[in-house]
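Report on the structure given below.
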Amino acid sequence: MIRTLRVLLCLAVLASCAMAQTQLNGAGATFPYPMYSKWFNEYHNLHPDIQINYQSIGSGGGIRQVMAGTVDFGASDGPMTDQQMAESKVKIIHLPTVLGAVVPAYNIPGVNEELKFTPQLIADIYLGKISNWSDPAIAKVNPNVKFPNQSITVVHRSDGSGTTYIFTDYLSKVSQEWAGGPGKGTSVKWPVGMGGKGNEGVAGNIKMLPGSIGYVELIYALQNKINFGSVQNSSKTFVKASLESTTAAAAGVKMPPDFRVSITNPSGKDAYPIASFTWLLIPTHPTDKAKGKILKDFLFWMLDQGQTMTSALDYAPLPKDVVAKEKEAITKQVHD
Amino acid sequence: MSRTENEMNSPEGINPTQKAVTGIPALAKTATQRETSATSSVLERIRQTQPRSSRFPDATFRAVILITAISVFAIVVFVAWELIDKSRLSLHQFGLSFFYGHDWDPVNEVFGAVPFIYGTLVSSFLALLIAIPLSVGVAVYITEMCPVRLRAIIAFLVELLAAIPSVIYGLWGIFVLAPLLRVYVEPFLAKTLGWTGFFSGPMYGLGMLAAGIILSIMVIPIIASITREVLTAVPQSQREAVLALGATRWEMIRMGVLRNARIGIIGGIILGLGRALGETMAVTMVIGNRPEISQSLFAGGYTMASVIANEFTEATGDVYLSALVEIGLALFIVTLIVNALARLLVWSITGGSAARARA
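As structure tokens, this is what we get:
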């Protein structure tokens, strides 16, 4: 009896020691989850008494939670709308962390070459106007490729997602018909196609269905070894998505002071047209001062050391001028 | 009042079935009613002869059991209330047009639930269509025709199907079933039964047919195990009586066993349907997630549970969220209606007697 009590007492003391750790909670986008996971881990190794938890529940969930103040910070692939900014109980600043690119991946039996896509071509395929790979419009852009007479199976996301937001934002910019029809959003009414759940679902569907085309994050296409094509940018150059071309996309856009910007279809010869920032949503006046200080310190670390770790995980780092602007914004706007 | 006095005084005289009865007049008509009134009168007797010290624990016990019984009902009411409350915004905006609208457009905020209701009902009924003959067949085989040594093994294997998580079914569906359907089964069905209109159009492998097949596999163990229990419970005398009248083996099974067990089998089917209506993960991975109504089973569809699972986390916008909760309310109502219809069916078969319908 006494022995049991002694053991329990020891455990209680140990538990209370563990609880002396500071814990920050964040929630949001799934796309940058592997990167954030690595960053928080590395930061914890540097500061063992600080633990940052991140739940990848989706951009929408992240925005909702940070607006309600239930988490210390949020993350989103798409920026908050003006209405959401106005409705939020907590005043929030958007801080870009990494860049991601969305690629058109395809699986056409007999075709292993890299295909070229014009914006109009992608829009017409997703609108259902082009329904066979042997269509002359495709052959015009890819004259040296022999296409089979195979109907096109369009694959899109069934779940709400930042990847869809980036892709539909691009399509809305390059196609009037798309902007007036399905429009842009994390979930849209797709004219044609099958839905797959998550980037993994879409990648899986593309690999399995012959004659399919879908959009996935660059990382998924690289790691699953799916063929993906190059896209024509606004300078009429066909650019294939890569870490360099993604970073070049960010360089071609004027960054507004609140960092909420869309970088799809930017100017710039080397820019990849379907790219986007992903943001951390940071409260400017944190209620817990200690946590606010830790978060600020993490952000500065992320902008210096963190950016060097991105390429290993196939994420594109931020351009230098954006990093400088962010550091200025954090110093001025995030109070602690 | 002594027991023997009452037996002498009762109009029927000394009746073996009334041995336990104390002073109950001959108002009780049927044997069951006599039994229940006998039991309650015995309880009454016990309560009267109890010492006062055990009255309070008994009353407490009764109260606690009553609370637990009411709490089940209360949970259902609470769930319904929460669903209605959270979908108030969408109910206000769309009203009844939500339940007959075809569009699901989150960008323009136009929401209609018909494709999802259709998808849920069609995939579930397709699953039942495939599962009922298979599971009743398995149950009949296990109870009637199987060698005794194999009985336990086969029963165990069937129940093992229920233990497999639904995500595994989904993965199996994507990587094994869908290619199988796309390459072999769907072309075959299109060639032979294409004229019906149910097997036409482009063949992806994924779609309503794949979802129906996977759901049927998930529903088979439920229906099979309940059917097996009910068939075992049919008294041997029924089988022997039918055989004695000159029936063949199949006729014996049909008339002696299945006929007696039909209420229980229908109960099992209702449970299976309940699982099929609510199944989310496996269905969303193979159904193609296309909110459209189409006659062909090759086309993609969308179920209510799938759309909630897919879009809930990313739903920004209050009307969007409210519309998704309203889909949940629609699922709740559809499940209630289907179960009520099934229960009515059971009552109509048993001639309307609720007591006899106790399965």
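Protein chains in written order, with my numbering: chain A, 1 to 336; chain B, 337 to 695. Note that the Cβ used here is the ideal one computed from N, Cα and C, for glycine as well.
request  = Could you have a look at Tyr-194 (chain A) and say whether DSSP puts it in helix, strand or coil?
outcome  = Along the first sequence, one-based indexing puts residue 194 (chain A) at 194. Per the sequence shown, residue 194 (chain A) should be read as Met rather than Tyr. Looking at Met-194 (chain A) - three-state DSSP - the assignment turns out to be strand.
task = Measure the alpha-carbon distance for Ala-580 (chain B) versus Met-554 (chain B) and round it to whole angstroms.
result = Your numbering for residue 580 (chain B) matches position 244 in the second sequence. Your numbering for residue 554 (chain B) matches position 218 in the second sequence. If you take the alpha carbons of Ala-580 (chain B) and Met-554 (chain B), they lie about 39 Å apart.
ask   = Fully enclosed by the region 230-262 of chain A, which beta strand (DSSP E) runs are 3 residues long or longer?
value = Correct list: 230-232.
key: Expected contact under 8 Å - CB spacing of Gly-69 (chain A) and Lys-89 (chain A) to nearest Å   = Mapped onto the first sequence, residue 69 (chain A) falls at position 69. Mapped onto the first sequence, residue 89 (chain A) falls at position 89. In this structure Gly-69 (chain A) touches Lys-89 (chain A) by the C-beta definition: roughly 6 Å separates them, less than 8 Å.
Thr-153 (chain A) - partner residues in DSSP beta bridges = Residue numbering aside, residue 153 (chain A) sits at position 153 when the first sequence is read from its first letter. According to DSSP, Thr-153 (chain A) bridges with A:Ser-212.
message = For the pair the region 588-599 of chain B and the region 661-670 of chain B, tell me if three or more CB-CB distances fall below 8 Å.
response = By the Cβ test, the region 588-599 of chain B is not in contact with the region 661-670 of chain B, since fewer than three Cβ pairs between them sit closer than 8 Å.
key: Cα-Cα separation, Asp-49 (chain A) to Asn-41 (chain A)   = Here residue 49 (chain A) corresponds to residue number 49 of the first sequence, with the count starting at 1. Here residue 41 (chain A) corresponds to residue number 41 of the first sequence, with the count starting at 1. Taking the CA atoms as reference points, Asp-49 (chain A) sits about 12 Å from Asn-41 (chain A).
request  = Take Asp-421 (chain B) as the anchor and find which of B:Asp-441, B:Glu-662, B:Pro-557, B:Leu-672 has the nearest alpha-carbon.
outcome  = Indexing the second sequence from 1 puts residue 421 (chain B) at position 85. Ranking the options by Cα distance to Asp-421 (chain B), first place goes to B:Glu-662.
ask   = What does Ile-63 (chain A) touch in chain B if you count any residue whose Cβ is under 8 Å from its own?
value = Taking the first residue of the first sequence as 1, we reach residue 63 (chain A) at position 63. Within chain B, the residues near Ile-63 (chain A) are Thr-652.
request  = Could you name the residues of the same chain whose beta carbon sits closer than 8 Å to that of Asn-144 (chain A), not counting the 5 residues immediately before and after it, in chain order?
outcome  = On the first sequence, residue 144 (chain A) is found 144 positions in, with the first residue counted as 1. Sequence-distant Cβ neighbours of Asn-144 (chain A) in its own chain, meaning closer than 8 Å and more than five residues away, are Glu-113.
ask   = Which runs of the alpha helix (DSSP H), 4 residues or longer, sit entirely within the region 468-514 of chain B?
value = Along the region 468-514 of chain B, the alpha helix (DSSP H) occurs as fully enclosed runs of 4 or more residues at 484-499, 502-508, listed in sequence order.
task = Verify whether the separation of the beta carbon atoms of Ile-550 (chain B) and Gly-614 (chain B) is less than 7 Å.
result = The residue you call residue 550 (chain B) lines up with position 214 of the second sequence. The residue you call residue 614 (chain B) lines up with position 278 of the second sequence. Taking the C-beta atoms as reference points, Gly-614 (chain B) is found no nearer than 7 Å to Ile-550 (chain B).
ask   = Given that a residue counts as buried once 16 or more other Cβ atoms are within 10 Å of its Cβ, and exposed if not, what is Val-334 (chain A)?
value = Walking along the first sequence from the start, residue 334 (chain A) turns up at place 334. With a 10 Å radius around the Cβ and a threshold of 16 neighbouring Cβ atoms, Val-334 (chain A) comes out buried.
task = Could you name the residues of chain A that Gly-624 (chain B) contacts, counting a contact when the two beta carbons are closer than 7 Å?
result = Mapped onto the second sequence, residue 624 (chain B) falls at position 288. What Gly-624 (chain B) touches in chain A, judged by beta-carbon distance under 7 Å, is Met-194, Gly-195, going in chain order.
Val-357 (chain B) classed as buried or exposed, judged by whether at least 16 other C-beta atoms fall within 10 angstroms = What you label residue 357 (chain B) is simply residue 21 of the second sequence in a count that begins at 1. With a pLDDT of 44 at Val-357 (chain B), under the threshold of 50, the modelled position of this residue cannot be trusted; read the value that follows with caution. The residue is buried, with at least 16 neighbouring Cβ atoms inside 10 Å.
inquiry  = Taking the straight line between their C-alpha atoms, what separation do you get for Ala-101 (chain A) and Met-621 (chain B)?
reply    = Numbered from 1 along the first sequence, position 101 holds the residue referred to as residue 101 (chain A). Numbered from 1 along the second sequence, position 285 holds the residue referred to as residue 621 (chain B). Spanning the two alpha carbons is a distance of roughly 25 Å.
query = Using the C-alpha atoms, what's the distance from Gln-150 (chain A) back to Asn-132 (chain A)?
reply = Locating residue 132 (chain A) in the first sequence gives position 132, counting from the first residue. Locating residue 150 (chain A) in the first sequence gives position 150, counting from the first residue. Looking at the two C-alpha atoms, the distance is approximately 6 Å.
Contacting residues, own chain, Cβ-Cβ under 8 Å from Gln-305 (chain A) (five flanking each side not counted) = Reading the first sequence from its first residue, position 305 is the one you call residue 305 (chain A). Correct list, in chain order: Glu-42.
key: DSSP-derived helix/strand/coil call for Phe-73 (chain A)   = Mapped onto the first sequence, residue 73 (chain A) falls at position 73. Looking at Phe-73 (chain A) - three-state DSSP - the assignment turns out to be strand.
request  = Check whether the region 215-224 of chain A touches the region 285-292 of chain A, counting contact only when three or more Cβ pairs, one atom from each stretch, lie closer than 8 Å.
outcome  = Not touching, per the Cβ criterion.
key: Cβ neighbours of Gly-473 (chain B) in the same chain (closer than 8 Å, five flanking residues each side left out)   = Looking up residue 473 (chain B) in the second sequence gives position 137. Cβ within range, chain order: n/a, list empty.
ask   = Whose Cβ in chain B lies nearer than 8 Å to the Cβ of Met-208 (chain A)?
value = Counted from its first residue, the first sequence places residue 208 (chain A) at position 208. Here the neighbours are Ile-510, Phe-511, Ala-514, Pro-515, Gly-541.
query = Buried or exposed: where does His-438 (chain B) fall if 16 or more other Cβ atoms within 10 Å of its Cβ makes it buried?
reply = Taking the first residue of the second sequence as position 1, residue 438 (chain B) is located at position 102. Under this definition His-438 (chain B) is an exposed residue.
task = Could you tell me the distance, in whole angstroms, from the CA atom of Arg-157 (chain A) to the CA atom of Ala-645 (chain B)?
result = Numbered from 1 along the first sequence, position 157 holds the residue referred to as residue 157 (chain A). Numbered from 1 along the second sequence, position 309 holds the residue referred to as residue 645 (chain B). Distance between the alpha carbons of Arg-157 (chain A) and Ala-645 (chain B): 13 Å.
request  = Can you pull the chain B residues whose beta carbon is under 9 Å from the beta carbon of Lys-184 (chain A), in chain order?
outcome  = As a working mapping, residue 184 (chain A) is identified with position 184 in the first sequence. Neighbours of Lys-184 (chain A) across chain B, judged by C-beta separation under 9 Å: Val-443.
message = Can you pull the chain A neighbours of Asn-318 (chain B), defined as C-beta to C-beta under 9 Å?
response = Nothing can be reported for residue 318 (chain B), as the shown portion of chain B is limited to 337 through 695.
ask   = Going by beta carbon distance, what residues of the same chain come within less than 6 Å of Tyr-36 (chain A), once the five residues before and after it are set aside?
value = Locating residue 36 (chain A) in the first sequence gives position 36, where the first residue counts as 1. If we look at Tyr-36 (chain A) and ignore the five residues flanking it on each side, its Cβ neighbours are Tyr-54.
Best match in B:Ala-405, B:Arg-383, B:Ile-406 for proximity to Ala-395 (chain B) [C-alpha to C-alpha] = Locating residue 395 (chain B) in the second sequence gives position 59, where the first residue counts as 1. It is B:Arg-383 whose Cα lies nearest to the Cα of Ala-395 (chain B).
key: Those residues which DSSP pairs with Trp-440 (chain B) across a bridge   = To locate residue 440 (chain B), count along the second sequence from 1; it is residue 104. Among the bridge pairs identified by DSSP, Trp-440 (chain B) is matched with B:Phe-447.
message = Tell me which residues share the same chain as Lys-207 (chain A) and place their Cβ nearer than 8 Å to its Cβ, disregarding the 5 neighbours each side in the sequence.
response = Locating residue 207 (chain A) in the first sequence gives position 207, where the first residue counts as 1. Result list for Lys-207 (chain A): Asn-107, Asn-224, Ile-226, in chain order.
ask   = Going along the chain, which residues of its own chain have a beta-carbon closer than 6 Å to the beta-carbon of Tyr-272 (chain A), five neighbours each way excluded?
value = The residue labelled residue 272 (chain A) in the question sits at position 272 within the first sequence. Cβ within range, chain order: Ala-101, Val-239, Ala-241, Ser-245, Thr-246, Ala-249.
query = Is the region 645-660 of chain B in contact with the region 160-171 of chain A, if contact means three or more CB pairs nearer than 8 Å?
reply = Yes, the region 645-660 of chain B touches the region 160-171 of chain A.
request  = Kindly list the residues whose CB is nearer than 8 Å to the CB of Met-591 (chain B), restricted to its own chain and excluding five residues on each side of it in sequence; keep chain order.
outcome  = Translated into positions along the second sequence, residue 591 (chain B) becomes position 255. So the qualifying residues of the chain are Val-578, Ala-583.
message = Please report the distance separating the alpha-carbon of Ala-362 (chain B) from that of Glu-380 (chain B).
response = As a position in the second sequence, residue 362 (chain B) is number 26, starting the count at 1. As a position in the second sequence, residue 380 (chain B) is number 44, starting the count at 1. Note that Ala-362 (chain B) scores 47 on pLDDT, short of 50, meaning its location in the model is unreliable; the coordinates nonetheless yield the value given after this. Cα-Cα distance, rounded: 18 Å.
key: Of the residues A:Ala-312, A:Ile-282, A:Ser-311, the one placed nearest Phe-298 (chain A), counting alpha carbons only   = Here residue 298 (chain A) refers to the residue found at position 298 of the first sequence. Minimum Cα distance to Phe-298 (chain A) is reached at A:Ile-282.
query = Are the region 558-572 of chain B and the region 468-486 of chain B touching by the rule of at least three beta carbon pairs closer than 8 Å?
reply = Counting Cβ pairs under 8 Å, three or more are found: they touch.
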